[in-house]
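Engineer:
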Amino acid sequence: MFKSTYLMGVYADLTKRYQDQPEFLQAVEEVLSSIDLLVDKDPRIQQQAIVERIVEPERIIKFRVSWVDDSGKVQVNRAMRVQFNSAIGPYKGGIRFHSSVNESIMKFLAFEQTLKNSLTCLPMGGAKGGSDFDPRGKSDNEIMRFCQNYILELYRHIGPRMDVPAGDLGVGAREIGYMYGMYKRIENEFSGTFTSKGIESGGSLGRAEATGYGLCYFVEEMLKAFKNDDFKGKRVIISGAGKVGSMAAEKVIQLGGKVIAMSDISGVIHDENGIDIDLIKNLSKTNLVVMDKYQSYHPNAIYSKNTKDIWKVPCDIAMPCATQNEIYLDSAEELVKNGCWLVAEGANMPTTIEATKYFRDHNVLFAPGKASNAGGVAVSGLEMTQNATFQNWSFEEVDEKLHLIMKRIFRRCHEASLEYTGKPDDLVTGANIAGFVKVYQAMIQQGV
Ligand code: NDP
Ligand code: 2IT
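Number 309 in the numbering used here belongs to position 235 of the sequence shown; there are no gaps in the numbering.
#1: Bridge partners for D473 per DSSP, in chain order?
#2: Consult DSSP for P498 and reduce its assignment to one of helix, strand or coil.
#3: Which residues does DSSP pair with W385 in a beta bridge?
#4: Starting from L439, trace the beta strand (DSSP E) both ways and give me its first and last residue.
#5: Could you name the residues that DSSP lists as bridge partners for H231?
#6: With hydrogens ignored, establish whether the beta-carbon of V513 is closer than 7 Å to any heavy atom of the ligand 2IT.
#7: Nearest to L409 by alpha carbon, out of A429, M336, M423?
#8: Take the Cβ of I232 as the centre, count every other Cβ of all protein chains shown within 10 Å, and call the residue buried at 16 or more, exposed below.
#9: Three-state secondary structure (DSSP) at K431?
#10: Could you check the C-alpha separation between G504 and Y85 for me, to the nearest Å?
#11: Compute the minimum distance between the beta carbon of G167 and the heavy atoms of the ligand 2IT, and state whether it is under 7 Å.
#12: For the beta strand (DSSP E) that S140 lies in, which residues bound it at each end?
#13: Can you say whether F268 is buried or exposed, counting buried as having 16 or more other CB atoms within 10 angstroms of its CB?
#14: If the criterion is Cβ atoms closer than 8 Å, does the pair G330 and K355 meet it?
#15: Given this structure, state the Cα-to-Cα distance separating F220 from D208, to the nearest angstrom.
#16: Starting from D87, trace the alpha helix (DSSP H) in both directions and tell me its first and last residue.
#17: Are the beta-carbon atoms belonging to I109 and L88 less than 8 Å from one another?
#18: Is Y377 helix, strand or coil by DSSP?
#19: Taking the alpha carbon of G413 as the reference point, which residue from F433, C389, N399, R434 has its own alpha carbon closest?
#20: Just the Cα atoms here: how many angstroms apart are Y257 and P373?
#21: Pick out whichever of Q520, N506, A516, V333 has its Cα sitting closest to the Cα of Q187.
#22: Kindly examine the ligand 2IT and report whether one of its heavy atoms sits closer than 7 Å to the Cβ of Q460.
#23: Who pairs with R155 in a beta bridge, going by DSSP?
#24: At the level of alpha carbons, what is the spacing between M365 and M336?
#25: Sort P96, Y368, F510, M393 by Cα distance to S340 and report the nearest one.
Structure representation (structure tokens):
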């Protein structure tokens, strides 16, 4: 698996200790496979046990959240915050509310976030938090009560220079608003400890669009560098129609591409006329799921209940933007068979290791999430700057900065790929190495 016996040893220990954490082990395995090319070049990595340290979170806070539902019944959820690494800045990363949330998923996300935040070149360490609370189908009041009770415990562990949470799957501006409101009441100061806040509450213009738009800016760089091409006329499929997927779709269309399929948990819509993104956004305002309703507005579109069917739609570019491990080997084979030649991850780790390898072996250009979806956290970093300096930047200003950051991330991945593999387009290796280098050098500077 790894050439380095040092890495083999560290990973073997990790698999023994965390055999019940498959997502975390998957994320670590992928990163260590890239670091393999680096450990021999800098003996300090082994001497100072950098890898042993970087794969262990600095701290995990686990807590219970009790709250009262609309019928007066007391409900109990489990919650945690994984503060993974603070070598290059305050802990930073989203909060996820989803029934699947567990320690493995929180740790993989926080580990990825550490390297992703490093790639942005902004001073942010890595963290992730969440709860197995499922906001779907809950009333606004129930969500507010849950968020308030969540913060009644979490508040003591976060702060503008300590740990700055944001949104993620199941957590948007509404949930952040309730959490920030409670936090502010307890702390009695307007310190911007959360990002992805509503604009009126100190949020940044452009944050809602940032992950999806940033993903497209990254793909634009790939198209330019590797194909001397752009989005015009490209057939694009996007899984997930949430915060990331819907904004990616909007930008693809603005850049001249054609989005022909999208999905949510109700299924997949394939519309050869081009997905009606305004309809999807409108339906999302009042419905929990929308794909099962699309066909009644566009009868020529094809609907499938099976979310995996999206990967069967012939396309040029696939953007998985829903959740982890959406694309297994069978879906990768299907995509390649049907002509897909570029895959860009909007979600965190949506592609399994086997599927990623299959894409690389079949000359599919591949953008790893920790680079291509870093636009969201990058604009969170810009929101922190605006809050700290009491400024409000215009949408255009933020979007321009985002664009520059995504170009810089691409350049760093591209250069590291060339330097360590001799190939320009191994962006998985490039992203892992470029992200790792800044973090481990800071760790060395700061001593054991
Ligand atoms: P949202 O909750 O806003 O949206 C998630 C979307 O994915 C929804 O449309 C949801 O459908 C759909 N979905 C979830 N599971 C599946 C599935 N198994 N098959 C098909 N569709 C599914 O989350 P975000 O858009 O914020 O996050 C999406 C991904 O992007 C996550 O991996 C997140 O970690 C990552 N990410 C998010 C960032 C952000 O700033 N928000 C930044 C970087 C990465 P439904 O609504 O029907 O449940
Ligand atoms: O996965 C991610 O990068 C996010 N959910 C955004 C994190 C953030 O702090 O903006």
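Note that CB positions come from ideal geometry on N, CA and C, so glycine has one too.
Structural biologist: In this structure, then:
#1: Taking the first residue of the sequence shown as position 1, residue 473 is located at position 399. Bridge partners of D473: none, in fact.
#2: One-based indexing of the sequence shown puts residue 498 at position 424. Coil at P498, not helix or strand.
#3: As a working note, residue 385 is residue 311 in the sequence shown. Answer by DSSP bridge pairing: none, since W385 is not bridged.
#4: Position 365 of the sequence shown, counted from the start, is the residue given in the question as residue 439. Per DSSP, L439 belongs to the beta strand (DSSP E) from 439 to 441.
#5: Here residue 231 corresponds to residue number 157 of the sequence shown, with the count starting at 1. DSSP lists no partner for H231.
#6: The residue labelled residue 513 in the question sits at position 439 within the sequence shown. False, no ligand heavy atom lies under 7 Å from that Cβ.
#7: Counting from 1 along the sequence shown, the entry for residue 409 is found at position 335. The shortest Cα separation from L409 among A429, M336, M423 belongs to A429.
#8: Sequence index remark: in the sequence shown, residue 232 carries index 158 (1-based). It counts as buried.
#9: As a working note, residue 431 is residue 357 in the sequence shown. Residue state, collapsed to three classes: helix.
#10: Here residue 504 corresponds to residue number 430 of the sequence shown, with the count starting at 1. Here residue 85 corresponds to residue number 11 of the sequence shown, with the count starting at 1. Each residue's Cα considered, the two are about 21 Å apart.
#11: What you label residue 167 is simply residue 93 of the sequence shown in a count that begins at 1. G167 Cβ: within cutoff of the ligand 2IT.
#12: Taking the sequence shown and counting its residues from 1, the one referred to as residue 140 is at position 66. Annotation: the continuous beta strand (DSSP E) that includes S140 extends over 133 to 142.
#13: Mapped onto the sequence shown, residue 268 falls at position 194. Burial call: buried.
#14: On the sequence shown, position 256 is the one that residue 330 refers to. On the sequence shown, position 281 is the one that residue 355 refers to. No, Cβ-Cβ distance for G330 and K355 is not below 8 Å.
#15: Your numbering for residue 220 matches position 146 in the sequence shown. Your numbering for residue 208 matches position 134 in the sequence shown. Taking the straight line from one Cα to the other gives about 10 Å.
#16: Within the sequence shown, the letter at position 13 stands for residue 87. Taken as a continuous stretch (DSSP letters only), the alpha helix (DSSP H) holding D87 covers 79 to 91.
#17: In the sequence shown, residue 109 corresponds to position 35, counting from 1. In the sequence shown, residue 88 corresponds to position 14, counting from 1. Contact: no.
#18: The residue labelled residue 377 in the question sits at position 303 within the sequence shown. Note: Y377 maps to strand in three-state DSSP.
#19: As a first step, residue 413 must be located in the sequence shown, where it is residue number 339. Nearest of F433, C389, N399, R434 to G413, Cα basis: C389.
#20: For the purposes of this step, residue 257 is taken as residue 183 along the sequence shown, with counting starting at 1. For the purposes of this step, residue 373 is taken as residue 299 along the sequence shown, with counting starting at 1. Y257 and P373: Cα-Cα distance of roughly 47 Å.
#21: Your numbering for residue 187 matches position 113 in the sequence shown. Selected option, being the one with the closest Cα: N506.
#22: By 1-based counting over the sequence shown, the position of residue 460 is 386. Every heavy atom of the ligand 2IT is 7 Å or more from the Cβ of Q460, so no.
#23: Taking the first residue of the sequence shown as 1, we reach residue 155 at position 81. For R155, which the question treats as bridged, DSSP gives the partners I135, G203.
#24: As a working note, residue 365 is residue 291 in the sequence shown. As a working note, residue 336 is residue 262 in the sequence shown. Whole-angstrom Cα-Cα distance: 8 Å.
#25: Start at 1 with the first residue of the sequence shown, and residue 340 comes out as number 266. Nearest of P96, Y368, F510, M393 to S340, Cα basis: Y368.
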